[in-house]
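Worksheet: one structure, shown below.
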Amino acid sequence: MTRGDFLRLLLGATGAWAVGGVAPAGGAPARTMHTRAIAASQAQLPVVGCGTWRTFDVGPGAAARAPLLEVLRILFDHGGSVIDSSPMYGAAEAVVGDLLATMQARERAFIATKVWTHGREAGITQMRRSLELLHTDRIELMQVHNLVDWRTQLATLRTWKGEGRIRYLGITHYTPAAYGDLEAVMRAERPDFVQLDYSLADRAAEQRLLPLARELGIAVIVNQPFGGGELLRSLLSRPLPAWAGDIECTSWAQVLLKFVLAHPAVTCVIPGTGRPEHMRDNVQAGFGGYPDAALRERMVRDVAG
Ligand SMILES: NC(=O)c1ccc[n+]([C@@H]2O[C@H](COP(=O)([O-])OP(=O)(O)OC[C@H]3O[C@@H](n4cnc5c(N)ncnc54)[C@H](OP(=O)(O)O)[C@@H]3O)[C@@H](O)[C@H]2O)c1
């Protein structure tokens, strides 16, 4: 298949794309989801993004990539922009880069990717490769993945930030077992962003890290809002509680995302999906109201309890 065939197949599968940018499906005006300020700059970030672990690790074939292009189109159509990736995620960075190029949507995306290696030179080589794969000369957010060699990598990130190659720098982890280390680095280095796991069934971040992020002015990206999928799957057979309607939720996915987004320290949540129907569901958590403290307690009792 030629590149032209591939593009035609993608366009045929997903509807028309405006030259020079992303067109909302059917030409309807784009709805814009809620945004929150990034403390470091006061720039606004849309509250629902897209994770790419596993879901975007696909080959070059159009059949595998067409639904992912649709996932990104739905994200952008609803005012979203954050796409989280990593060199650890197989082909995901390359797939994101190719799809953004196909859609001519680089300017719509807030790319958050990561450095995940030991050593200064290896880190620089890896980040240069990420730029190539993402077809860009700058990254909005570069994060030290799982704090791997964080002293070395953060030093490089500060240089890159000074040179304008990245706009923000951050650190990530995925488990409460690492919160002590995350806290120490947050205090010592004051990164622009911290990315951590937080969900209705995984609330350890509420103890120290989320309040600390607020205190220090560090933006928070939440990973694994569905417990990696397991939490959400465990709820799907249960009817939605009546209170879900009070916060304009029509699915369990929206309930879980709104629980996370209701925490005042959270800036953005990045549910992972490779399915357009799931992204259509997830972006709705970026609209309407959020649970107050009393309803959040009730959600914990009803769901996690
Ligand atoms: N250390 C780190 O830096 C770190 C660690 C973990 C994760 N992350 C980032 O955070 C992102 C999110 O975490 P995660 O992907 O591990 O877990 P997650 O977002 O909690 O769950 C993802 C799972 O939920 C399913 N799903 C998504 N939307 C759904 C919906 N509306 N209805 C039903 N199922 C739905 C997905 O399957 P489908 O594809 O079928 O929708 C996938 O299996 C990752 O993709 C990655 O970008 C970073």
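Quick note: the sequence shown, position 134, residue 123 per the working numbering, numbers continuous.
Just so it is clear, CB atoms sit at the ideal spot from N, CA and C, and this is done for glycine as well.
Helix or strand or just coil, what does DSSP make of residue i?
i, result
"A293", "helix"
"P35", "strand"
"V47", "coil"
"L189", "coil"
"G261", "strand"
"I128", "strand"
"R203", "helix"
"T21", "coil"
"I27", "coil"
"G217", "helix"
"Y173", "This sequence places Ala at residue 173; Tyr is not what is there. It is helical."
"L158", "strand"
"T148", "helix"
"A208", "strand"
Roughly how many angstroms separate the alpha carbons of residue i and residue j, rounded to a whole number?
i, j, result
"L64", "G86", "15 Å"
"T256", "I160", "15 Å"
"G112", "V104", "6 Å"
"R25", "D66", "18 Å"
"L146", "M116", "10 Å"
"S223", "V37", "22 Å"
"V174", "A254", "18 Å"
"M92", "H124", "12 Å"
"R176", "A282", "27 Å"
"L120", "L136", "20 Å"
"P265", "V272", "11 Å"
Within this structure, are the beta carbons of residue i and residue j separated by less than 8 Å?
i, j, result
"L298", "Y157", "Examination of residue 298 is not possible in this model, given that the chain is present from -10 through 294 alone."
"G263", "V60", "yes"
"I259", "K247", "no"
"E172", "L201", "yes"
"A251", "P280", "yes"
"S75", "T102", "yes"
"V133", "L143", "yes"
"D291", "P230", "yes"
"G206", "A29", "yes"
"L284", "L245", "no"
"I72", "I27", "no"
"G108", "T141", "yes"
"T21", "G68", "yes"
"G261", "R43", "yes"
"A55", "V47", "no"
"C39", "M268", "yes"
What does a CB cutoff of less than 8 Å around residue i pick up in its chain, not counting 5 residues either side in sequence?
i, result
"F45", "L57, S74, Y78, A80, A81, V84, V85 and G263"
"I155", "R127, I128, E129, L130, M131, L146 and W149"
"V249", "Y187, S188, L189, V211, P214, V255 and V258"
Once the 5 residues before and after residue i are set aside, which same chain residues still bring their CB inside 6 Å of it?
i, result
"G277", "E237"
"H23", "V36 and G275"
Can you check whether the C-beta of residue i is within less than 8 Å of a C-beta belonging to chain D?
i, result
"A90", "The structure shown has no chain D; it contains just one protein chain."
Go through its chain and collect everything with a Cβ distance to residue i's Cβ below 7 Å, but skip five positions before and after it.
i, result
"A193", "P165 and Y168"
"A293", "L189 and A190"
"A98", "S70, I72 and L89"
"W139", "V133, I160 and V174"
"A233", "V244"
"F182", "L130, Q132, Y157, G159, I207, A208 and I210"
Considering only heavy atoms of ligand 3, does any lie closer than 7 Å to the CB of residue i?
i, result
"T145", "Absent from the structure shown: ligand 3. Ligands present: ligand 1."
Legend entry - the region 181 to 196 in contact with the region 206 to 213 per 3-pair CB rule at 8 Å: Verdict: yes, contact present.
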